[in-house]
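Engineer: Residue numbers (this note's numbering): 12 to 368. Think of the CB as a built atom: it goes at the ideal place given N, C-alpha and C, for glycine as much as any other residue.
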């Protein structure tokens, strides 16, 4: 009981605190967001279930990019990004979810949340309704995402665990009402106190069990590890046969777009989203018209993805790429390395024609 109280105290003290955003890792794969509280973060075991799940994905030949503002775990975890926040309840995740969806554009979400609602006895009776509202918000802002919703892991404290069981009992009905892209994952049955390090958080064995459950669920929905938009591509300019490139590959906000010899480095890899964005390889920055401008010569840059008209483009049948806000075209100012890409009146020249490969 002393260990359990210590763990709960830690959760309460950290409630509401954001982890420090870290640089995003990416291998260019399908974006998967581990979402939740300290159990997603990996309390007691750095990286938590994400370590074993990552290894399973790699061994099966999947190319996956974990995404989120959190960053931790051992070297054996190939991608340390996540969206697990120690001490957070459903309402706190709900308050941030739209921004995270816009920033990271996940294809798949692994949601394990509710433990702190039960532990803090925070409006316990309405926790299922809060979970339902969170799912609705995810569905509204990311309609094509494959969302896996977990029944949460147990507690060694009988009263705490009774609240967990009541909460878990409501989840199957909630998930069943949210459509075919929302999936239930049983993260409770088969877990015992022997799987808990402190009476609440899983130990290594418990986290490995969680990884196995997530993996089984993902395998049952093959599309969860396949992008919805086009595969990652190079954008090749017709005049120069050079590729659209982030200047210096710095990924700094406002970095200029240029053309450069085509290569396999990630600063030339773009993913087309259903909303019309071109996301560069890290998944957090998008091709952007500076200031949503419409004048000839307006700078084309990268900027945090936000779904604005400045980041929406149409790739037309003639190869031109037009900006939604102005109808003007992306134009390469030259044919050599380092030529700037800017906005200009559409004229049908090869300097404004872009192919993918």
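Just verifying my parser: in three-state terms, what is the DSSP assignment at residue 99?
Structural biologist: Residue state, collapsed to three classes: coil.
Engineer: Span of the alpha helix (DSSP H) holding residue 47?
Structural biologist: Segment 41-47 is the beta strand (DSSP E) holding residue 47; no alpha helix (DSSP H) there.
Engineer: In whole angstroms, what is the alpha-carbon distance linking residue 366 and residue 148?
Structural biologist: Between residue 366 and residue 148, the C-alpha separation is close to 36 Å.
Engineer: Span of the beta strand (DSSP E) holding residue 153?
Structural biologist: Premise fails: residue 153 is in no beta strand (DSSP E) and is neither H nor E.
Engineer: Go ahead and label residue 204 buried or exposed: buried means 16 or more other beta carbons lie within 10 angstroms of its beta carbon, across all protein chains shown.
Structural biologist: Per the 10 Å Cβ criterion, exposed.
Engineer: Would you call the CB atoms of residue 113 and residue 318 closer than 8 Å?
Structural biologist: For residue 113 and residue 318, yes; Cβs fall inside 8 Å.
Engineer: Going along the chain, which residues of its own chain have a beta-carbon closer than 8 Å to the beta-carbon of residue 139, five neighbours each way excluded?
Structural biologist: Only 178, 181, 182 and 185 meet the Cβ criterion.
Engineer: Taking only three categories from DSSP, how would you classify residue 71?
Structural biologist: Reduced to three states, the DSSP call for residue 71 is coil.
Engineer: Give a yes or no on contact between the stretch 279-288 and the stretch 341-360, applying the rule of three or more CB pairs nearer than 8 Å.
Structural biologist: Result no; under three Cβ-Cβ pairs closer than 8 Å.
Engineer: Smallest Cα separation from residue 74: which of 321, 93 and 236?
Structural biologist: Ranking the options by Cα distance to residue 74, first place goes to 236.
Engineer: Which same chain residues end up closer than 7 Å to residue 343 when comparing Cβ atoms and leaving out the 5 residues on each side of it in sequence?
Structural biologist: Here the set comprises 248, 250, 251, 270, 350, 352 and 362.
Engineer: On the criterion of 16 or more Cβ atoms from any shown chain inside 10 Å, does residue 290 qualify as buried, or is it exposed?
Structural biologist: Buried, by the Cβ-count rule.
Engineer: Roughly how many angstroms lie between the CA atoms of residue 315 and residue 266, to the nearest whole one?
Structural biologist: Taking the straight line joining both Cα atoms gives about 11 Å.
Engineer: So, for residue 174: in the same chain, excluding its five sequence neighbours on each side, which residues have a beta-carbon less than 6 Å away from its beta-carbon?
Structural biologist: Excluding positions up to five away in sequence, the list reads 129 and 135.
Engineer: Taking the alpha-carbon positions, what's the residue 159 to residue 277 distance?
Structural biologist: So the alpha carbons of these two residues sit roughly 29 Å apart.
Engineer: What did DSSP end up calling residue 162 once you bin it into helix, strand or coil?
Structural biologist: Reduced to three states, the DSSP call for residue 162 is strand.
Engineer: How many whole angstroms separate the CB atoms of residue 156 and residue 120, which I take to be in contact at a CB cut-off of 8 Å?
Structural biologist: About 6 Å; that satisfies the 8 Å criterion.
Engineer: List the DSSP bridge partners of residue 332.
Structural biologist: For residue 332, which the question treats as bridged, DSSP gives the partners 326.
Engineer: Taking only runs that begin and end inside the stretch 220-281, name each unbroken beta strand (DSSP E) of 3 or more residues, in chain order.
Structural biologist: DSSP runs (the beta strand (DSSP E)) wholly in the stretch 220-281: 246-248, 254-257 and 268-271.
Engineer: To the nearest angstrom, how far is the alpha carbon of residue 101 from that of residue 142?
Structural biologist: Between residue 101 and residue 142, the C-alpha separation is close to 6 Å.
Engineer: Identify which residue in 220, 196, 193 and 105 has its Cα closest to the Cα of residue 206.
Structural biologist: It is 220 whose Cα lies nearest to the Cα of residue 206.
Engineer: With the cut-off set at 8 Å, would you say residue 81 and residue 98 are in Cβ contact?
Structural biologist: Cβ distance not < 8 Å, so residue 81 and residue 98 don't count as in contact.
Engineer: With DSSP as the reference, label residue 200 as helix, strand or coil.
Structural biologist: Three-state result, residue 200: coil.
Engineer: If you compare alpha carbons, which of 58, 218, 146 and 118 is closest to residue 188?
Structural biologist: Nearest of 58, 218, 146 and 118 to residue 188, Cα basis: 146.
Engineer: Are the CB atoms of residue 324 and residue 335 nearer to each other than 8 Å?
Structural biologist: Yes.
Engineer: Taking DSSP's pairing of strands, which residues face residue 291 in a bridge?
Structural biologist: Looking at the DSSP assignment, residue 291 forms a beta bridge with 281.
Engineer: Please list, in chain order, all residues of the same chain as residue 67 whose beta carbon is under 7 Å from its beta carbon, the five residues on each side excluded.
Structural biologist: So the qualifying residues of the chain are 222 and 226.
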